[in-house]
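J.:
2 protein chains.
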Amino acid sequence: MNEIRIFSPATVANVSCGFDVMGFCLDSVGDEMVIRKVERKGIHITRIEGFDLPYEAEKNVSGVSALAMYDAIDVDFGFEIEIYKKIKPGSGIGSSAASAVGSVFGMNELLGRPFNKTQLTEFAIKGEALASKCEHADNLAPAMFGGFALVKSVSPLVILEIPSPEDLYATIIHPQIEIKTAESRALLPKEVALQDATTQWANFGSLIHGLHTGDFEVIKNALHDVIVEPHRSKLIPYFNEVTKAAINAGALGSGISGSGPSIFSLSKGIENAINVKDAIEKVYAKTGIDFDIHVSKINSKGIKIIN
Amino acid sequence: MNEIRIFSPATVANVSCGFDVMGFCLDSVGDEMVIRKVERKGIHITRIEGFDLPYEAEKNVSGVSALAMYDAIDVDFGFEIEIYKKIKPGSGIGSSAASAVGSVFGMNELLGRPFNKTQLTEFAIKGEALASKCEHADNLAPAMFGGFALVKSVSPLVILEIPSPEDLYATIIHPQIEIKTAESRALLPKEVALQDATTQWANFGSLIHGLHTGDFEVIKNALHDVIVEPHRSKLIPYFNEVTKAAINAGALGSGISGSGPSIFSLSKGIENAINVKDAIEKVYAKTGIDFDIHVSKINSKGIKIIN
Numbered sequence: 001m002n003e004i005r006i007f008s009p010a011t012v013a014n015v016s017c018g019f020d021v022m023g024f025c026l027d028s029v030g031d032e033m034v035i036r037k038v039e040r041k042g043i044h045i046t047r048i049e050g051f052d053l054p055y056e057a058e059k060n061v062s063g064v065s066a067l068a069m070y071d072a073i074d075v076d077f078g079f080e081i082e083i084y085k086k087i088k089p090g091s092g093i094g095s096s097a098a099s100a101v102g103s104v105f106g107m108n109e110l111l112g113r114p115f116n117k118t119q120l121t122e123f124a125i126k127g128e129a130l131a132s133k134c135e136h137a138d139n140l141a142p143a144m145f146g147g148f149a150l151v152k153s154v155s156p157l158v159i160l161e162i163p164s165p166e167d168l169y170a171t172i173i174h175p176q177i178e179i180k181t182a183e184s185r186a187l188l189p190k191e192v193a194l195q196d197a198t199t200q201w202a203n204f205g206s207l208i209h210g211l212h213t214g215d216f217e218v219i220k221n222a223l224h225d226v227i228v229e230p231h232r233s234k235l236i237p238y239f240n241e242v243t244k245a246a247i248n249a250g251a252l253g254s255g256i257s258g259s260g261p262s263i264f265s266l267s268k269g270i271e272n273a274i275n276v277k278d279a280i281e282k283v284y285a286k287t288g289i290d291f292d293i294h295v296s297k298i299n300s301k302g303i304k305i306i307n
Numbered sequence: 001m002n003e004i005r006i007f008s009p010a011t012v013a014n015v016s017c018g019f020d021v022m023g024f025c026l027d028s029v030g031d032e033m034v035i036r037k038v039e040r041k042g043i044h045i046t047r048i049e050g051f052d053l054p055y056e057a058e059k060n061v062s063g064v065s066a067l068a069m070y071d072a073i074d075v076d077f078g079f080e081i082e083i084y085k086k087i088k089p090g091s092g093i094g095s096s097a098a099s100a101v102g103s104v105f106g107m108n109e110l111l112g113r114p115f116n117k118t119q120l121t122e123f124a125i126k127g128e129a130l131a132s133k134c135e136h137a138d139n140l141a142p143a144m145f146g147g148f149a150l151v152k153s154v155s156p157l158v159i160l161e162i163p164s165p166e167d168l169y170a171t172i173i174h175p176q177i178e179i180k181t182a183e184s185r186a187l188l189p190k191e192v193a194l195q196d197a198t199t200q201w202a203n204f205g206s207l208i209h210g211l212h213t214g215d216f217e218v219i220k221n222a223l224h225d226v227i228v229e230p231h232r233s234k235l236i237p238y239f240n241e242v243t244k245a246a247i248n249a250g251a252l253g254s255g256i257s258g259s260g261p262s263i264f265s266l267s268k269g270i271e272n273a274i275n276v277k278d279a280i281e282k283v284y285a286k287t288g289i290d291f292d293i294h295v296s297k298i299n300s301k302g303i304k305i306i307n
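For the protein sequence lines, the chains are B and H, in the order given.
For the first sequence, the UniProt record's numbering begins at 1 and goes up steadily by one.
For the second sequence, the UniProt record's numbering begins at 1 and goes up steadily by one.
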């Protein structure tokens with residue numbers, strides 16, 4: 001096998017109470033990539049469609065993670081990477097993470113899987129860092145492992161796969177506005193009240209318990225963010241209206257996807273998720289702001305080979 | 001049935017990363033109480049052994065929780081309470097919680113169980129508040145439900161029962177020193193760094209996952225407290241020596257039990273727990289400070305009727 005085509009999924013990081021440590025994987029949104037073994041040594045990005053991104057491997061998220069992996073192996077051949085980008089960079093649903101895991105996952109498959117998924121994520125962190133200026137894995141881990149992933153720590157990298165109920169669905173709206181990462185970061189409080197922090201870990205522990213037991217009432221009660229959302233939601237137009245409409249339409253909870261501007265909602269069953277989509281569309285249709293909206297099953301497999 | 005004898009267990013609150021929201025229940029340490037239906041209306045504490053505590057119901061933790069429950073029922077009889085106190089007040093292993101749950105659990109049994117365990121815990125919160133000056137349930141919940149209990153919120157009271165592996169054991173040392181609650185509270189930071197808070201909920205989420213999956217490596221990696229322990233441990237003599245000795249002897253983790261001065265360790269299997277006990281004894285034997293030390297299985301049942 002000298003060539004492989006893969007689907008590299010979009011992901012939702014933070015998941016309300018799990019700021020910086022939790023993410024889940026989407027099914028219906030993702031990039032496609034082709035990875036090819038070639039005689040010419042090194043990493044070569046030969047095609048990019050969808051968005052305008054650099055071809056130089058050192059300046060491309062996929063390229064940087066691929067180079068990190070290439071440096072760790074000793075081979076007399078190289079790899080070509082084609083990127084069919086469907087996740088808009090800056091949308092807040094793990095666009096860079098999808099690019100970063102895609103190249104290393106594909107190369108690993110072509111090499112006969114010398115690395116496990118945690119090792120691959122370590123390479124991908126290098127690519128992710130190019131985009132986000134810091135080493136984090138809360139989009140990478142769910143893209144690589146699927147389902148809900150808890151990044152217990154980055155150094156050493158410890159990823160825990162959290163089970164989730166079969167009929168959990170996500171609705172994601174991506175308002176077509178740009179939020180500068182620097183602006184979003186600047187809004188993060190450096191210090192938080194101990195009482196709020198305590199509420200947050202009570203919620204996060206409950207979320208883990210609710211996902212394990214498949215108890216939707218527990219999941220619903222856990223999906224609150226008292227730490228980051230009050231600050232960052234200011235950058236997202238009509239955030240409160242969207243989350244209120246989602247909850248009224250039957251969502252378990254709603255929150256900022258990553259650092260935004262996308263907003264995710266979780267629902268029990270696809271019917272609820274579609275009702276939530278309809279309710280959110282109604283809110284946003286009035287605003288004059290362009291948007292994409294998706295309903296997706298939680299993708300329990302993560303990144304995968306396609307034909 | 002007009003009289004009941006109960007075992008009301010000691011408990012460990014906080015469990016390192018679960019400050020204010022998590023506790024577990026002990027098997028080998030606890031109070032005994034006798035609750036008796038009598039003609040004379042009201043709540044009457046008729047016997048207290050072990051420690052010197054007030055007989056007036058309004059001034060006694062057991063009495064206050066019993067009165068809270070008594071106010072919620074309409075009966076033409078009363079209750080007598082006998083308390084055989086074995087958990088020293090102020091030891092940090094839920095002495096007041098054991099007293100608070102004991103009376104209401106016993107009364108509920110004699111009444112034919114009109115209340116569920118969460119409702120009983122709501123009454124017990126009133127008694128606990130007398131001792132600790134604030135309404136909290138992280139000792140009450142594990143005493144009432146057994147095992148590991150996560151207090152998701154106090155108002156409304158939501159308690160989640162977290163499963164735990166069969167062969168998990170606790171070692172508890174209680175140095176015979178007094179820590180004033182006010183002093184211990186004063187050491188709590190009002191604000192914490194967002195980065196530390198994030199580490200704490202990553203740990204706490206991991207602990208919940210480790211308990212669900214019975215993965216001792218995950219439990220071990222999760223048992224860290226970067227928020228409260230660095231402050232409160234200063235009040236406990238030889239804290240660092242004890243936790244170091246415990247880890248070296250094979251403990252999964254060690255931390256402050258409640259607000260101290262007791263220190264808990266968790267171990268896989270009773271042999272490890274006994275090794276940990278021996279190692280801690282060696283440390284404390286040299287200090288000249290009196291201490292009690294116990295090894296206990298995690299008590300999965302909680303408070304219970306005895307003959």
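For glycine and all other residues, C-beta sits at the position ideal for the given N, C-alpha and C.
Keep in mind that this is a model prediction, so the values were computed, not measured.
Spatial neighbours of ASN60 of chain B within its chain, please: CB distance less than 7 Å, with the 5 preceding and 5 following residues excluded, ordered by chain position.
T.: The residue labelled residue 60 of chain B in the question sits at position 60 within the first sequence. ILE45, LEU53, PRO54, listed in sequence order.
J.: Residues of chain H with CB closer than 7 Å to the CB of VAL218 of chain B, please, in chain order.
T.: If you number the first sequence from 1, residue 218 of chain B lands on position 218. Contact annotation for VAL218 of chain B against chain H: LEU160 [CB-CB distance below 7 Å, chain order].
J.: Using a Cβ-Cβ distance under 8 Å, would GLN119 of chain B count as near chain H?
T.: For the purposes of this step, residue 119 of chain B is taken as residue 119 along the first sequence, with counting starting at 1. No, GLN119 of chain B does not count as interfacial toward chain H.
J.: Excluding the 5 residues flanking CYS235 of chain B on each side, which residues of the same chain have their C-beta closer than 8 Å to its C-beta?
T.: For the purposes of this step, residue 235 of chain B is taken as the residue at position 235 of the first sequence. Sequence check: residue 235 of chain B is Leu here, not Cys. Excluding residues within five positions, the ones whose Cβ falls inside 8 Å are ILE179, GLU183, SER184, LEU187, GLY260, PRO261.
J.: Compute the Euclidean distance between the alpha carbons of LEU150 of chain H and VAL34 of chain B, then round it to the nearest angstrom.
T.: Sequence index remark: in the second sequence, residue 150 of chain H carries index 150 (1-based). Sequence index remark: in the first sequence, residue 34 of chain B carries index 34 (1-based). Going by the C-alpha atoms only, they are around 46 Å apart.
J.: Using beta carbons (cut-off 8 Å, strictly below), is ILE73 of chain H in contact with chain B?
T.: Position 73 of the second sequence, counting from 1, holds the residue named residue 73 of chain H. So, not an interface residue.
J.: Please state whether DSSP places residue 308 of chain H in a helix, a strand or coil.
T.: Summary: the structure shown does not reach residue 308 of chain H, with chain H confined to residues 1 through 307, and so no result is reported for it.
J.: How is the beta strand (DSSP E) around SER153 of chain B delimited, first residue to last?
T.: Residue numbering aside, residue 153 of chain B sits at position 153 when the first sequence is read from its first letter. 148-154 is the extent of the beta strand (DSSP E) around SER153 of chain B.
J.: Can you grab the Cα-Cα spacing for the pair GLU109 of chain B / MET69 of chain B, in whole Å?
T.: The count along the first sequence starts at 1 and reaches residue 109 of chain B at position 109. The count along the first sequence starts at 1 and reaches residue 69 of chain B at position 69. Our two residues, GLU109 of chain B and MET69 of chain B, have alpha carbons roughly 13 Å apart in a direct line.
J.: Between ILE219 of chain H and ILE162 of chain H, is the Cβ-Cβ spacing less than 8 Å?
T.: Taking the second sequence and counting its residues from 1, the one referred to as residue 219 of chain H is at position 219. Taking the second sequence and counting its residues from 1, the one referred to as residue 162 of chain H is at position 162. Taking a C-beta distance under 8 Å as the contact criterion, ILE219 of chain H and ILE162 of chain H do not qualify as a contact pair.
J.: Name the chain H residues that come within less than 8 Å of GLU191 of chain B, Cβ to Cβ?
T.: Counting from 1 along the first sequence, the entry for residue 191 of chain B is found at position 191. Result: GLU191, VAL192, ALA193, LEU194.
J.: Give the C-beta separation of ALA222 of chain B and ASN139 of chain B to the nearest angstrom, bearing in mind that I take them to be a contact with Cβ-Cβ under 8 Å.
T.: As a first step, residue 222 of chain B must be located in the first sequence, where it is residue number 222. As a first step, residue 139 of chain B must be located in the first sequence, where it is residue number 139. The pair is not a contact, with the Cβ atoms about 20 Å apart (cut-off 8 Å).
J.: At a Cβ threshold of 8 Å, is LEU15 of chain B touching chain H?
T.: What you label residue 15 of chain B is simply residue 15 of the first sequence in a count that begins at 1. It is Val, not Leu, that sits at residue 15 of chain B in the sequence shown. No, VAL15 of chain B does not count as interfacial toward chain H.
J.: So what's residue 318 of chain H in DSSP terms, helix, strand or just coil?
T.: Given a span of 1 to 307 for chain H in the structure shown, any question on residue 318 of chain H remains unanswerable.
J.: Enumerate in chain order the residues of its own chain whose CB-to-CB distance from CYS25 of chain B is below 7 Å, with the five nearest sequence positions on each side excluded.
T.: Along the first sequence, read from residue 1 onward, the residue named residue 25 of chain B stands at position 25. Same-chain partners within the cutoff: PRO9, THR11, PRO142, ALA143, GLY146, GLY147, ILE298, ASN299, GLY302.
J.: Between the stretch 129-157 of chain B and chain H, which residues of the former have a C-beta closer than 8 Å to a C-beta of the latter?
T.: Close to chain H, meaning a Cβ-Cβ distance shorter than 8 Å, are the following residues of the stretch 129-157 of chain B: LEU150, VAL151, LYS152, SER153.
J.: For THR198 of chain H, go through chain B and note every residue whose CB falls closer than 8 Å to its CB, in chain order.
T.: Working through the second sequence from its first residue, we reach residue 198 of chain H at position 198. PHE19, ASP20, VAL21, listed in chain order.
J.: Can you find the residues in the same chain that come closer than 7 Å, C-beta to C-beta, to ASP31 of chain B, ignoring five residues on each side of it along the sequence?
T.: Counted from its first residue, the first sequence places residue 31 of chain B at position 31. Excluding positions up to five away in sequence, the list reads SER8, ILE83, TYR84, LYS85, LYS86, ILE87, ALA98, SER99, GLY102.
J.: Would you report the Cα separation of ILE4 of chain B and GLY112 of chain B, rounded to the nearest angstrom?
T.: Along the first sequence, one-based indexing puts residue 4 of chain B at 4. Along the first sequence, one-based indexing puts residue 112 of chain B at 112. Between ILE4 of chain B and GLY112 of chain B, the C-alpha separation is close to 12 Å.
J.: Give the DSSP bridge partners of PHE24 of chain H, in chain order.
T.: Here residue 24 of chain H refers to the residue found at position 24 of the second sequence. Paired residue(s): H:VAL12, H:PHE148.
J.: Just list the residues that DSSP pairs SER91 of chain B with in beta bridges.
T.: Residue mapping note: residue 91 of chain B aligns to position 91 of the first sequence, counting from 1. The partner list for SER91 of chain B (beta bridge, DSSP) is empty, contrary to what the question assumes.
J.: If you draw a straight line from the alpha carbon of SER65 of chain B to that of GLU271 of chain B, how long is it in whole angstroms?
T.: Along the first sequence, one-based indexing puts residue 65 of chain B at 65. Along the first sequence, one-based indexing puts residue 271 of chain B at 271. Approximately 38 Å between the Cα atoms of the pair.
J.: Going straight from the alpha carbon of ALA246 of chain H to that of SER265 of chain H, what length do you get?
T.: What you label residue 246 of chain H is simply residue 246 of the second sequence in a count that begins at 1. What you label residue 265 of chain H is simply residue 265 of the second sequence in a count that begins at 1. About 7 Å.
J.: Return the first residue and the last residue of the beta strand (DSSP E) that ASP292 of chain H is part of.
T.: For this step, residue 292 of chain H is matched to residue 292 along the second sequence. Bounds of the beta strand (DSSP E) holding ASP292 of chain H are 291-297.
J.: Are the Cβ atoms of LEU252 of chain H and PHE204 of chain H separated by less than 8 Å?
T.: Taking the first residue of the second sequence as position 1, residue 252 of chain H is located at position 252. Taking the first residue of the second sequence as position 1, residue 204 of chain H is located at position 204. No, these two residues do not count as a Cβ contact at 8 Å.
J.: Could you have a look at PRO165 of chain B and say whether DSSP puts it in helix, strand or coil?
T.: Here residue 165 of chain B refers to the residue found at position 165 when the first sequence is read from its first residue. If DSSP states are grouped into helix, strand and coil, PRO165 of chain B belongs with coil.
J.: Go through its chain and collect everything with a Cβ distance to GLU281 of chain H's Cβ below 7 Å, but skip five positions before and after it.
T.: In the second sequence, the residue the question calls residue 281 of chain H occupies position 281. ILE293.
J.: From the beta carbon of ASN221 of chain H, is the nearest beta carbon of chain B less than 8 Å away?
T.: Residue 221 of chain H sits at position 221 when you count from the first residue of the second sequence. Output row for ASN221 of chain H: interface = yes.
J.: Under a three-way DSSP split, which group does GLU3 of chain H fall into?
T.: Within the second sequence, residue 3 of chain H is the residue found at index 3, counting from 1. The answer is strand: DSSP assigns GLU3 of chain H an E or B state.
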